[in-house]
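Chains as they are written, first to last, in our numbering: chain A, 354 to 780; chain B, 343 to 436. A virtual CB, placed ideally from N, CA and C, is assigned to each residue, including glycine. Here's the structure we're looking at; comments come further down.
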Amino acid sequence: MGHRSQTLLQPDRSVRSGWDYGRGVANPLPDRAVLDAAPGPLHPVARDTLLAALEAGWADPRRLHREARTARRLLDQAREVLAAGLGVRPPEVGFAPDGPTAVRWAVEGLRYAARRRGPRVVASAVEHSAVLVPGRHLLDSSGLLQPGVDGRAGPPVFETVEVDAEGRVDLEAWRRAVEVPGTTVAALQHANGEVGTIQPLEAAHGACRHAGAALAVDAQASLGRVAAPTAYDVLAGDAQSWGGPGGLGVLVVREGTRWLAPGPANPDASLTGPGGHAAWVPLALAAAEAWQQTAADREGDAAEAFDLVARVRAAAAAVPDVEVVGDPDDRLPHVVTFSALYADGEALVREFDRRGFAVASGSACTASTLEPSHVLAAMGALTHGNVRVTLPLRAVAPDRAASVAAFCEHIGPVVQQVRDELGASRL
Amino acid sequence: MTAPDRRTGQEDEAVDPTDLVVDARGLRCPLPVIRLAQAVRDAETTLVVEVLATDPAARADIPAWCRMRGHEYLGERAADGGHAAYRVRIAPAR
């Protein structure tokens, strides 16, 4: 198992907490299997770095005293680590309060910079709500359609492109959509965090280039688990996907890309990078540490996770009337979702929880909106009875393989039990 | 896996008259689909069923159920009263 032995900061072991947080999930209680790691627990080395950074990096990096200069140096170091990991230069890297905000800023900034060339945004139907909700708002607030040249109603100012049954965007429809005049921005995820399907970024980016549109790529689900993408103009991510802390989104704006944050100019651009967000230095440092630790083990972790997910897929598919969705091969290594006909998603999650397994669900009854997962719906997949597994990094959960093996044994019995409760076991 | 069924056509009652209405209004997922399955469990001939539902998941799940069970999804019919009406042609149970 790959671990970077050198950490960015030496942890100060004299720091004692006055609070008892209980056992963190990096040391999970022996009877719990965490199979919902989106977000997941902090990488244990990143946790140590975070604690050390609280002592060393608390100051405002814009000020002039020694403590501030230390914070500035640590922030710059964190940015260099992340930039190197993403294959970009440090000035191209900015931060955001979280992943969804980074995604939103990615699209907004492209659109604002292109406002005199055209207002139209194209996105896949399975993008994160951080793309789809502002997009729908564009439609509502523009009075539905941008006016055409001849005064007739023009094409929609925001349009989603259909996906196939595995959740992969239809490339022909994508090409047609971005070629519509006035299209300046497109948004496509690297891979879908609910079902794992990897999107055809190279082809989609090529189509955007041909059409004169810039591409924002949402990598919230993929960074740190698979190789970072390169086919984008702006990239958005979330440190939690590589075992980093919450509260830190990452925004990459490639040099030469026309991207502009709406509002007044940012006077601290050299400090913050694109987006103007002054990240809390301890978070940036923990994120950089988590990146280095995760990168050292990425391929081995992913290979193991891929096989574990294959086991879950097979076990779920073996249960009658259970549909496993998403591409079985061209997918994220660590994500799987399945839907059980005639079962209630909330009941499944609660029963798995009672048996010691933490899982998520895309079913309507488990969402605060009471709407089913738009991803599953766009794929034509069954949305009720849905269970979603996101495997943690093995550095975070050393018992991951055993947890998956145990989970596989419980899938059939839990589905059966929930169907029995609904009186639906003989349909 | 076959492509998702995207039909949203307004079906003409004269072309496909409804044989059976399943009223699942007020029921939360997965009950509308369960009620539908229970109603047609022992169907011996082809029949057209209309499911009335308020559950937002039914819009995705009734077509998905059709696909999983080998029935034909005919589309959603406009309905007033705060509910939707989903039309299905049931192939008889063998």
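- Mark Leu685/A as exposed unless 16 or more other C-beta atoms lie within 10 angstroms of its C-beta, in which case mark it buried. Residue 685/A sits at position 332 when you count from the first residue of the first sequence. Its Cβ being crowded by 16 or more others within 10 Å, Leu685/A is buried.
- Message: Under DSSP, the beta strand (DSSP E) around Ala740/A begins and ends at which residues?
- Response: Stepping through the first sequence from its first residue, residue 740/A is reached at position 387. The question names Ala, yet the displayed sequence has Val at residue 740/A. Unbroken beta strand (DSSP E) run through Val740/A: Asn739 to Thr743.
- When DSSP labels each residue in this structure, what does Glu519/A get in the three-state scheme? The residue given as residue 519/A occupies position 166 in the first sequence. In this structure, Glu519/A counts as coil in the three-state DSSP scheme.
- Task: Assuming Gly590/A contacts Gly447/A (C-beta within less than 8 Å), just tell me the rounded distance between them.
- Result: What you label residue 590/A is simply residue 237 of the first sequence in a count that begins at 1. What you label residue 447/A is simply residue 94 of the first sequence in a count that begins at 1. Actually they do not touch by this definition, with Cβ atoms about 11 Å apart.
- Contacts that Thr325/A makes with chain B (C-beta to C-beta distance below 7 Å): Not covered by the structure: residue 325/A. The range shown for chain A is 354 to 780.
- Query: Can you find a C-beta in chain B that's less than 9 Å from the C-beta of Glu724/A?
  - Reply: Locating residue 724/A in the first sequence gives position 371, where the first residue counts as 1. Closer than 9 Å to some Cβ of chain B, the Cβ of Glu724/A qualifies, so yes.
- Name the residue from Leu416/B, Ala399/B, Arg367/B and Leu362/B whose alpha carbon lies nearest to the alpha carbon of Ala720/A. By 1-based counting over the first sequence, the position of residue 720/A is 367. Checking every option, the nearest Cα to that of Ala720/A belongs to Ala399/B.
- Find out if the Cβ-Cβ distance for the pair Val548/A, Val434/A is shorter than 9 Å. What you label residue 548/A is simply residue 195 of the first sequence in a count that begins at 1. What you label residue 434/A is simply residue 81 of the first sequence in a count that begins at 1. Cβ atoms of Val548/A and Val434/A: not closer than 9 Å.
- Message: What are the residues in the stretch 386-399 of chain B lying within 9 Å of chain A by C-beta distance?
- Response: Asp397, Pro398 and Ala399
- Contacts around Ala592/A, its chain only, beta-carbon distance under 7 Å, and the 5 residues preceding and following it disregarded: Against the first sequence, residue 592/A aligns to sequence position 239. Pro598, Leu601, Val603, Ala640 and Ala643.
- Message: Per the DSSP calculation, Leu571/A is bridged to which residue(s)?
- Response: As a first step, residue 571/A must be located in the first sequence, where it is residue number 218. The sequence shown places Asp at residue 571/A, rather than the Leu named in the question. DSSP output for Asp571/A lists Gln542/A and Ala589/A as bridge partner(s).
- Query: From Val688/A to Asp361/B, what distance separates their C-alpha atoms?
  - Reply: Position 335 of the first sequence holds residue 688/A. Position 19 of the second sequence holds residue 361/B. Between Val688/A and Asp361/B, the C-alpha separation is close to 43 Å.
- Item | Cβ shell of Pro635/A (< 6 Å), same chain only, five flanking positions each side left out | Start at 1 with the first residue of the first sequence, and residue 635/A comes out as number 282. Hits under 6 Å: Leu403, Ala406, Leu407 and Gly410.
- Query: Given that a residue counts as buried once 16 or more other Cβ atoms are within 10 Å of its Cβ, and exposed if not, what is Glu657/A?
  - Reply: Numbered from its first residue, the first sequence carries residue 657/A at position 304. Classification for Glu657/A: buried.
- Item | beta strand (DSSP E) segment containing Pro508/A, residue limits | Counting from one through the first sequence, the residue named residue 508/A turns up at place 155. Where Pro508/A is concerned, the enclosing beta strand (DSSP E) stretches over Ala506 to Pro509.
- Message: DSSP three-state label for Ser313/A, please.
- Response: Given that chain A is displayed from residue 354 to residue 780, the structure contains no residue 313/A and the question cannot be resolved.
- Query: Hey, is the stretch 464-479 of chain A in contact with the stretch 534-548 of chain A, meaning 3+ C-beta pairs nearer than 8 Å?
  - Reply: yes
- Query: Which full runs of the alpha helix (DSSP H) of 4+ residues lie inside the stretch 358-388 of chain B, going along the chain?
  - Reply: 373-381
- For chain A, is any of its Cβ atoms less than 9 Å away from the one on Ala435/B? Sequence index remark: in the second sequence, residue 435/B carries index 93 (1-based). With 9 Å as the cut-off, Ala435/B does not count as an interface residue toward chain A.
- Just to confirm, are Val531/A and Val475/A a CB contact at a threshold of 9 Å? Along the first sequence, one-based indexing puts residue 531/A at 178. Along the first sequence, one-based indexing puts residue 475/A at 122. Closer than 9 Å, so yes.
- Inter-residue CB distance, Ala399/A and Gln646/A (contact presumed, cutoff 8 Å): Within the first sequence, numbered from 1, the residue matching residue 399/A stands at position 46. Within the first sequence, numbered from 1, the residue matching residue 646/A stands at position 293. Confirmed, Cβ separation roughly 7 Å.
- For Ile376/B and Arg741/A, the rounded distance between their alpha carbons: As a working mapping, residue 741/A is identified with position 388 in the first sequence. As a working mapping, residue 376/B is identified with position 34 in the second sequence. Taking the straight line from one Cα to the other gives about 22 Å.
- Check the Cβ-Cβ distances between Ala717/A and every residue of chain B, and say whether any is below 9 Å. To locate residue 717/A, count along the first sequence from 1; it is residue 364. Chain B, which has a Cβ nearer than 9 Å to the Cβ of Ala717/A, makes this yes.
- According to DSSP, is Thr647/A helix, strand or coil? Counted from its first residue, the first sequence places residue 647/A at position 294. Helix at Thr647/A.
- How would you label Leu694/A, buried or exposed, when you count the other beta carbons within 10 angstroms and need 16 or more for buried? For this step, residue 694/A is matched to residue 341 along the first sequence. Per the 10 Å Cβ criterion, buried.
- Item | Rounded distance between the beta-carbons of Pro414/A and Pro428/A, thought under 8 Å | For this step, residue 428/A is matched to residue 75 along the first sequence. For this step, residue 414/A is matched to residue 61 along the first sequence. Correcting the residue identity first, residue 428/A is Leu in this sequence and not Pro. Going by Cβ atoms, the distance from Leu428/A to Pro414/A rounds to 5 Å, so yes, they are a contact pair.
- Item | Three-state secondary structure (DSSP) of Asp680/A | Within the first sequence, the letter at position 327 stands for residue 680/A. Three-state DSSP puts Asp680/A in coil, outside helix and strand.
- Task: Note down, in chain order, every chain B residue with its Cβ under 8 Å from the Cβ of Leu780/A.
- Result: The residue given as residue 780/A occupies position 427 in the first sequence. Those are Ile376, Ala379, Gln380 and Arg383, listed as they occur along chain B.
- Item | His630/A and Pro487/A closer than 9 Å at C-beta | Here residue 630/A is taken as the residue at index 277 of the first sequence, counted from 1. Here residue 487/A is taken as the residue at index 134 of the first sequence, counted from 1. Contact: no.
- Could you pull out every residue in the same chain whose Cβ sits closer than 8 Å to the Cβ of Leu524/A, ignoring the five residues on either side in sequence? What you label residue 524/A is simply residue 171 of the first sequence in a count that begins at 1. Correct list, in chain order: Pro553, Ala556, Ala557 and Ala560.
- Are there 16 or more other CB atoms within 10 angstroms of the CB of Arg464/A, so buried, or fewer, so exposed? Numbered from its first residue, the first sequence carries residue 464/A at position 111. By the 10 Å Cβ count, Arg464/A comes out buried.
- Residue closest to Leu746/A, alpha-carbon to alpha-carbon, out of Leu388/A, Asp384/A, Arg529/A and Thr360/A: Translated into positions along the first sequence, residue 746/A becomes position 393. The shortest C-alpha separation from Leu746/A is found at Leu388/A.
- Query: In this structure, what does DSSP give as the bridge partners for Phe659/A?
  - Reply: For the purposes of this step, residue 659/A is identified with residue 306 of the first sequence, where counting begins at 1. In the DSSP output, where bridge partners are listed per residue, Phe659/A has none listed.
- Task: Between the Cα of Pro725/A and those of Ala385/B, Arg370/B, Glu392/B and Leu378/B, spot the shortest distance and give me the residue it belongs to.
- Result: Residue 725/A sits at position 372 when you count from the first residue of the first sequence. Measuring from the Cα of Pro725/A, the nearest candidate turns out to be Arg370/B.
- Just the Cα atoms here: how many angstroms apart are Arg385/B and Ala433/B? Residue 385/B sits at position 43 when you count from the first residue of the second sequence. Residue 433/B sits at position 91 when you count from the first residue of the second sequence. According to the sequence displayed, residue 385/B carries Ala and not Arg. Cα to Cα, the separation comes out at about 8 Å.
- Query: On the premise that Val393/B lies in contact with Tyr428/B, defined as a C-beta separation below 8 Å, what is that separation, rounded to the nearest angstrom?
  - Reply: If you number the second sequence from 1, residue 428/B lands on position 86. If you number the second sequence from 1, residue 393/B lands on position 51. Going by Cβ atoms, the distance from Tyr428/B to Val393/B rounds to 5 Å, so yes, they are a contact pair.
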